[in-house]
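Q: Before I ask anything, let me first share the structure, which is written out below as structure tokens.
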Amino acid sequence: MNKRSVSAGVVVLILVLGITAGYVLGFLTSGRPIVLQAGDYRLLDELKAVLQERYYTDLPSDEELLYGSAKGLTAALGDPWTEYLTPEEISMLQSDLEGTYTGIGVVISKTGDQIVIQTVFPNTPAAKAGLKAGDIILAVDGKTLDQVSVDVVSSMVRGNAGTSVTLEILRDGHTLSFDLKREEVSIPAVTDSKMVTPTVGYIKLMQFYDNKASSEFKSALVQLKGEGMTSLIIDLRDNPGGMLEEARKIVGYFAPAQVVVYEKDKQETKPLKAPGGAKLFEGNVVIWVNGGSASASEIVAGALRDLIGAKLVGEKTFGKGEIQTIEPLSEGAVKVTVAEYLTPNKTALNKVGLAPDVQATATDDAKLLEASLEVFK
Numbered sequence: 001m002n003k004r005s006v007s008a009g010v011v012v013l014i015l016v017l018g019i020t021a022g023y024v025l026g027f028l029t030s031g032r033p034i035v036l037q038a039g040d041y042r043l044l045d046e047l048k049a050v051l052q053e054r055y056y057t058d059l060p061s062d063e064e065l066l067y068g069s070a071k072g073l074t075a076a077l078g079d080p081w082t083e084y085l086t087p088e089e090i091s092m093l094q095s096d097l098e099g100t101y102t103g104i105g106v107v108i109s110k111t112g113d114q115i116v117i118q119t120v121f122p123n124t125p126a127a128k129a130g131l132k133a134g135d136i137i138l139a140v141d142g143k144t145l146d147q148v149s150v151d152v153v154s155s156m157v158r159g160n161a162g163t164s165v166t167l168e169i170l171r172d173g174h175t176l177s178f179d180l181k182r183e184e185v186s187i188p189a190v191t192d193s194k195m196v197t198p199t200v201g202y203i204k205l206m207q208f209y210d211n212k213a214s215s216e217f218k219s220a221l222v223q224l225k226g227e228g229m230t231s232l233i234i235d236l237r238d239n240p241g242g243m244l245e246e247a248r249k250i251v252g253y254f255a256p257a258q259v260v261v262y263e264k265d266k267q268e269t270k271p272l273k274a275p276g277g278a279k280l281f282e283g284n285v286v287i288w289v290n291g292g293s294a295s296a297s298e299i300v301a302g303a304l305r306d307l308i309g310a311k312l313v314g315e316k317t318f319g320k321g322e323i324q325t326i327e328p329l330s331e332g333a334v335k336v337t338v339a340e341y342l343t344p345n346k347t348a349l350n351k352v353g354l355a356p357d358v359q360a361t362a363t364d365d366a367k368l369l370e371a372s373l374e375v376f377k
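When you number the sequence shown by our numbering, it's gap-free, plus one each residue, and the end is 377.
Structure representation (structure tokens):
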């Protein structure tokens with residue numbers, strides 16, 4: 001895998017119904033390289049010997065213990081975004097970044113104690129079977145989901161193409177059963193685009209998927225301009241981020257060749273500019289945001305506010321202002337934080353987020369639209 005700049009923050013789990021690396025894991029915050037000498041492994045050998053002798057049941061495989069040791073090394077940094085990824089996790093991350101999965105084609109979330117289907121994508125196994133947004137998943141293959149996290153449900157539902165999964169669904173007080181066959185599904189980055197008034201367009205960007213977010217956004221933008229759009233709403237609610245390069249291209253449609261973001265690492269603060277070319281839109285822009293708008297979403301929102309005066313409507317964003325790269329290892333890879341990002345006006349976002357220009361309940365589309373139309377007046 002090549003080194004990639006990633007700005008993935010809060011991961012929206014999309015079920016598309018779907019060590020030797022001690023010498024290359026990076027640097028401590030002081031810049032001192034992490035170097036493990038041969039004698040440093042004595043503690044691990046001693047620990048493994050005690051576990052083999054005294055642990056009450058069978059130990060995991062040597063491979064699993066090795067991966068666990070690597071995860072412990074990155075966890076010691078205290079940075080939740082820097083982590084060792086096993087080969088399987090790397091494959092899943094690559095799928096997440098590309099928006100391509102093996103599954104059934106839904107987005108799920110947790111509401112209270114319930115696992116709820118948030119979105120059903122068209123032309124997927126879920127859509128063909130009749131699953132609907134708002135359906136509550138009670139069980140997967142007969143296993144109930146009491147006190148089960150979204151992560152666990154994700155692993156239960158994903159599988160190989162051609163295999164089957166059975167979901168027990170609660171809908172309008174009735175329990176229904178759905179048998180679905182998993183397929184390769186490509187999830188769109190732009191999940192909705194339309195005119196909401198004769199002059200105001202709306203584009204929903206779900207995630208900054210590699211090699212598709214910017215092109216899909218451009219197509220939607222051009223289409224809406226052709227329908228008479230003079231003002232634009234960009235919906236980045238619950239968009240957790242994705243590829244920094246995709247965010248850079250999208251900002252370039254509004255502010256070509258301008259600084260999109262500053263990357264601040266241990267040595268310097270350097271600008272990252274949007275591509276040059278013709279400006280595709282010159283009207284007023286409103287961006288809908290909430291606490292699930294993170295990372296690349298915050299880069300786009302912050303850049304467009306600083307560069308073209310876009311207004312943010314909704315609730316404060318997540319505040320994920322760090323950039324990671326993926327460094328391949330002999331087994332798996334390490335996702336490591338390499339820089340903090342600042343907006344074009346050099347506003348820091350990490351652990352702070354972006355405050356909206358107009359506060360509005362982010363779950364109420366009607367209120368958000370009303371507030372946006374006031375901004376456009």
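The beta carbon of each residue, even a glycine, is placed where N, CA and C say it ideally should be.
What does the alpha-carbon distance come out to for the pair ALA303 and LEU65?
A: Cα-Cα distance, rounded: 44 Å.
Q: Shortest alpha-carbon distance to VAL352 belongs to which of ALA126, LYS320, LEU51 and SER164?
A: That would be LYS320, whose Cα lies nearest to the Cα of VAL352.
Q: Quick one: Cα of VAL200 to Cα of SER231, how far?
A: About 5 Å.
Q: Return yes when the C-beta of LYS225 is under 7 Å from any heavy atom of the ligand SAH, and no when it is not.
A: For the structure depicted, the ligand SAH is absent and the ligand set is empty, with no information on it obtainable.
Q: So, does the CB of ILE299 fall closer than 8 Å to a CB anywhere in chain B?
A: Note that chain B does not occur in the displayed structure, where there is just one protein chain.
Q: If you follow the alpha helix (DSSP H) that MET156 is in, where does it begin and where does it stop?
A: Residues 150-157.
Q: Return helix, strand or coil for PHE208, following the three-state DSSP convention.
A: DSSP places PHE208 in strand when its eight states are reduced to three.
Q: Would you mind giving the Cβ-Cβ distance between ILE187 and PHE121, rounded to the nearest angstrom? I have them listed as a contact below 8 Å.
A: Correct: roughly 6 Å between the Cβ atoms.
Q: Let's test the definition: count the other Cβ atoms within 10 Å of the Cβ of ARG54 and tell me whether it reaches 16, buried, or not, exposed.
A: ARG54 comes out exposed.
Q: Pick helix, strand or coil for TYR56, following the three-state DSSP scheme.
A: Correct three-state label for TYR56: coil.
Q: In terms of residue numbering, what span does the alpha helix (DSSP H) encompassing TYR67 cover?
A: 62-75 is the span of the alpha helix (DSSP H), which, as asked, contains TYR67.
Q: Assuming ILE323 and VAL338 are in contact, meaning their beta carbons sit under 8 Å apart, how far apart are those beta carbons, in whole angstroms?
A: That belief holds up - the Cβ atoms of ILE323 and VAL338 are roughly 6 Å apart, short of 8 Å.
Q: Span of the beta strand (DSSP E) holding PHE376?
A: Run containing PHE376: none in the beta strand (DSSP E); it sits in the alpha helix (DSSP H), 365-376.
Q: Output yes or no for whether 8 Å exceeds the beta carbon distance between ARG248 and ALA274.
A: Cβ atoms of ARG248 and ALA274: closer than 8 Å.
Q: Report the rounded CA-to-CA distance for LEU97 versus LEU272, giving the unit in angstroms.
A: Going from the Cα of LEU97 to the Cα of LEU272 covers about 21 Å.
Q: Tell me the DSSP bridge mates of GLU380?
A: No answer is possible for residue 380: the residues shown for the chain start at 1 and end at 377.
Q: From which residue to which residue does the beta strand (DSSP E) around LYS194 run?
A: Run containing LYS194: 190-195, per the beta strand (DSSP E) assignment.
Q: Can you look up ALA333 in the DSSP assignment and give me helix, strand or coil?
A: Of the three classes helix, strand and coil, the one that applies to ALA333 here is strand, per DSSP.
Q: Buried or exposed, going by whether 16 or more other CB atoms sit within 10 Å of the CB of VAL286?
A: When all chains shown are included, VAL286 counts as buried.
Q: Take ILE104 as the anchor and find which of GLU88, ALA126, GLU89 and TYR262 has the nearest alpha-carbon.
A: Here the closest residue by C-alpha is ALA126.
Q: Using the rule of at least 16 other Cβ atoms within 10 Å of the residue's Cβ for burial, across every protein chain shown, is ARG305 buried or exposed?
A: Answer is buried; the Cβ neighbour count reaches 16.
Q: Count Cβ pairs between the segment 113-120 and the segment 72-85 that sit closer than 8 Å; are there 3 or more?
A: No contact exists between the segment 113-120 and the segment 72-85.
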